[in-house]
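Colleague:
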């Protein structure tokens with residue numbers, strides 16, 4: 001009996017102490033949550049918060065602090081920051097097709113392509129993209145970023161040497177890092193410097209070589225030296241991969257991209273593209289020959305482990321491609337707008353991506369804010385997206401812009417005191433889209 005009483009008291013005391021300890025811990029947690037965010041970030045006992053606070057202050061000091069701007073569609077703002085180059089994201093036929101498919105099939109494939117997500121719509125879109133690029137097979141991805149990661153991470157190993165243009169998109173940069181981690185040797189050549197590329201290629205001892213470049217560079221808007229790359233390939237027998245994210249449906253008579261415009265489609269082994277630019281939807285793709293397609297199905301991790309694209313997106317993309325390729329109306333309108341903007345700004349931009357170099361990061365942000373107050377949304381591009389000292393306003397011209405809107409943004413830029421005449425690209429539009437009436441002749445893609 002005594003043993004049972006003592007044991008019960010010991011248990012009761014233990015439960016009381018345990019309960020008191022739990023309550024104490026809860027109170028301490030509440031007190032911690034009650035502190036202000038500033039106190040929390042300055043708490044040296046939490047090294048993660050201290051580190052985040054230091055990094056935030058450093059970004060703010062350099063003018064590189066980023067935030068998400070909310071554009072709800074109801075603001076009276078003219079959009080000059082979007083990649084919707086042909087205005088297809090808002091096209092009534094595209095929206096109708098997406099809505100119809102959503103009602104009929106729901107929103108998702110509910111799984112990755114290798115599990116249950118590969119549908120007849122995926123097959124139809126892949127076949128349509130193959131006809132556009134004149135390739136054998138096409139693999140779809142959730143984003144263009146994922147497509148670039150897939151190609152280089154799958155192909156890169158100890159026997160591979162990757163050559164990447166200095167101004168390639170961040171997705172290609174990250175893909176190169178993954179290839180390097182897998183054993184590949186990666187060389188970054190000066191922007192469009194084919195001579196340097198050839199010198200490095202001649203010294204390479206790796207058996208397999210891959211050159212990757214954008215067709216139109218996303219931040220400068222200029223074109224890759226595609227003809228020179230094709231000629232170099234004849235000599236050195238490497239594989240050529242071209243990211244056509246900003247050129248698909250925009251360049252070439254068929255809208256196949258910069259490779260079609262320069263007549264080198266047959267020299268390209270891998271076409272990489274996106275559905276989220278001129279196509280106006282969401283997703284990425286790789287078109288190539290059947291042998292590489294089969295390899296990527298087995299080894300492309302961003303395809304294997306990602307949920308497949310939703311059915312409404314697929315049907316919308318199919319309709320967008322149909323609209324953009326059934327005639328030349330939208331492409332003609334886009335390039336006329338580019339030419340008009342160039343004339344108004346006193347220069348000749350290479351493409352629908354028109355970078356206005358400012359230089360300073362804070363100054364670029366201030367100009368972007370002033371333009372927004374004037375009714376024009378233009379994105380401020382800063383390091384690390386572009387090199388230090390080259391911060392810019394990235395004006396994105398679209399076929400959906402009216403002549404008055406083009407004139408309006410040009411006037412607003414001039415009112416900020418911007419002079420682009422001494423730092424821009426000159427390009428012959430007839431090389432990209434010969435049907436443009438009265439396209440001004442100019443030296444091909446040469447920087448002043």
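Numbering (full-length UniProt numbering), first residue to last: 1 to 448.
Every residue, glycine too, gets a C-beta built ideally from N, C-alpha and C.
Quick caveat: nothing in here was measured; it's all calculated off a predicted structure.
In three-state DSSP terms, what is residue 251?
Modeller: Residue 251: coil per DSSP, three-state reduction.
Colleague: Look at the Cβ atom of residue 359, then the Cβ atom of residue 400, and state whether they are nearer than 8 angstroms.
Modeller: No; because the gap between Cβ atoms is not below 8 angstroms, this pair is not in contact.
Colleague: CA-CA distance, residue 211 and residue 372?
Modeller: Between residue 211 and residue 372, the C-alpha separation is close to 40 angstroms.
Colleague: Taking a contact to mean a Cβ-Cβ separation below 8 angstroms, would you say residue 285 touches residue 141 in this structure?
Modeller: Contact flag set, yes.
Colleague: With distances taken from CA atoms, which of 260, 207, 376 is nearest residue 158?
Modeller: When only C-alpha atoms are compared, the closest one is 207.
Colleague: Which whole-angstrom value describes the C-beta separation of residue 249 and residue 86, a residue pair presumed to lie in contact below a C-beta threshold of 8 angstroms?
Modeller: Going by Cβ atoms, the distance from residue 249 to residue 86 rounds to 6 angstroms, so yes, they are a contact pair.
Colleague: Can you check which of these residues, 198, 200, 263, 203, is closest to residue 215 by C-alpha distance?
Modeller: The residue with the shortest Cα to Cα distance from residue 215 is 263.
Colleague: Any contact between the segment 338-345 and the segment 373-381? By contact I mean 3 or more CB pairs, one from each, below 8 angstroms.
Modeller: No contact exists between the segment 338-345 and the segment 373-381.
Colleague: Measuring CA to CA, which of 102, 397, 50, 220 is closest to residue 316?
Modeller: Comparing Cα positions, the closest option is 102.
Colleague: For residue 379 and residue 63, I'd like the C-alpha separation in whole angstroms.
Modeller: Computed Cα separation, rounded: 15 angstroms.
Colleague: Buried or exposed: which applies to residue 111, given that a residue is buried once 16 or more other Cβ atoms fall within 10 Å of its Cβ?
Modeller: It counts as exposed.
Colleague: State the Cα-Cα distance for the pair residue 398 and residue 199, rounded to the nearest angstrom.
Modeller: The straight-line gap from Cα to Cα measures roughly 39 angstroms.
Colleague: Count Cβ pairs between the segment 269-288 and the segment 132-148 that sit closer than 8 angstroms; are there 3 or more?
Modeller: As far as the Cβ criterion goes, the segment 269-288 touches the segment 132-148, which means the pair count is three or higher.
Colleague: Do you know offhand how far residue 271's Cα is from residue 354's?
Modeller: So the alpha carbons of these two residues sit roughly 24 angstroms apart.
Colleague: Is it right to say residue 116 is buried, meaning 16 or more other beta carbons lie within 10 angstroms of its own, or is it exposed?
Modeller: Exposed, because fewer than 16 other Cβ atoms sit within 10 Å of the Cβ of residue 116.
Colleague: Does the structure place the segment 290-304 close enough to the segment 241-256 that three or more beta carbon pairs sit under 8 angstroms?
Modeller: Verdict: no, contact absent.
Colleague: Residue 242 lies in the beta strand (DSSP E); which residues open and close that run?
Modeller: Where residue 242 is concerned, the enclosing beta strand (DSSP E) stretches over 239-243.
Colleague: According to DSSP, is residue 376 helix, strand or coil?
Modeller: Reduced to three states, the DSSP call for residue 376 is strand.
Colleague: With the cut-off set at 8 angstroms, would you say residue 281 and residue 313 are in Cβ contact?
Modeller: Cβ distance < 8 angstroms, so residue 281 and residue 313 count as in contact.
Colleague: With a 10 Å radius around its C-beta and 16 neighbouring C-beta atoms as the bar for buried, classify residue 76 as buried or exposed.
Modeller: It counts as exposed.
Colleague: For residue 107, does the count of other Cβ atoms within 10 angstroms reach 16, so buried, or fall short, so exposed?
Modeller: Exposed, since its Cβ has fewer than 16 Cβ neighbours within 10 Å.
Colleague: Taking one C-beta from the segment 116-127 and one from the segment 169-177 each time, how about it: are there three or more such pairs within less than 8 angstroms?
Modeller: Verdict: no, contact absent.
Colleague: With DSSP as the reference, please indicate the residues paired to residue 214 in a beta bridge.
Modeller: Residue 214 pairs with 243.
Colleague: Counting only runs that start and end within the segment 336-379, where is the alpha helix (DSSP H) found for 4 or more residues in a row?
Modeller: With a minimum length of 4 residues, the continuous alpha helix (DSSP H) runs that stay inside the segment 336-379 are 361-373.
Colleague: Using the three-state DSSP reduction, which class does residue 285 fall into: helix, strand or coil?
Modeller: Residue 285 falls in the strand class under three-state DSSP.
Colleague: Rounded to the nearest angstrom, what separates residue 191 and residue 209 at their Cα positions?
Modeller: Each residue's alpha carbon lies about 18 angstroms from the other.
Colleague: What distance in whole Å lies between the Cβ atoms of residue 109 and residue 307, which are believed to be in contact at a cut-off of 8 angstroms?
Modeller: 7 angstroms between Cβ atoms; contact.
Colleague: Could you tell me which of 260, 57, 83, 239 sits nearest to residue 269, measuring between CA atoms?
Modeller: Checking every option, the nearest Cα to that of residue 269 belongs to 239.
Colleague: Indicate the three-state DSSP secondary structure (helix, strand or coil) for residue 69 in the structure shown.
Modeller: Coil, per DSSP.
Colleague: Over the uninterrupted beta strand (DSSP E) stretch that includes residue 306, give me the two end residues.
Modeller: No beta strand (DSSP E) holds residue 306; DSSP gives it neither H nor E.
Colleague: For residue 66 and residue 188, what's the separation of their Cα atoms in angstroms?
Modeller: Computed Cα separation, rounded: 27 angstroms.
Colleague: Where residue 292 and residue 247 are concerned, what is the direct C-alpha to C-alpha distance, given to the nearest angstrom?
Modeller: Approximately 23 angstroms between the Cα atoms of the pair.
Colleague: From which residue to which residue does the alpha helix (DSSP H) around residue 406 run?
Modeller: Here the alpha helix (DSSP H) through residue 406 covers 403-415.
Colleague: Given this structure, state the Cα-to-Cα distance separating residue 94 from residue 48, to the nearest angstrom.
Modeller: Each residue's alpha carbon lies about 46 angstroms from the other.
Colleague: Which same chain residues, not among the five before or five after residue 393, have their C-beta less than 7 angstroms away from its C-beta?
Modeller: If we look at residue 393 and ignore the five residues flanking it on each side, its Cβ neighbours are 356, 358, 364, 367, 368, 378, 380.
Colleague: For residue 168, which option in 278, 243, 202 has the closest C-alpha, if you only look at C-alpha atoms?
Modeller: Ranking the options by Cα distance to residue 168, first place goes to 243.
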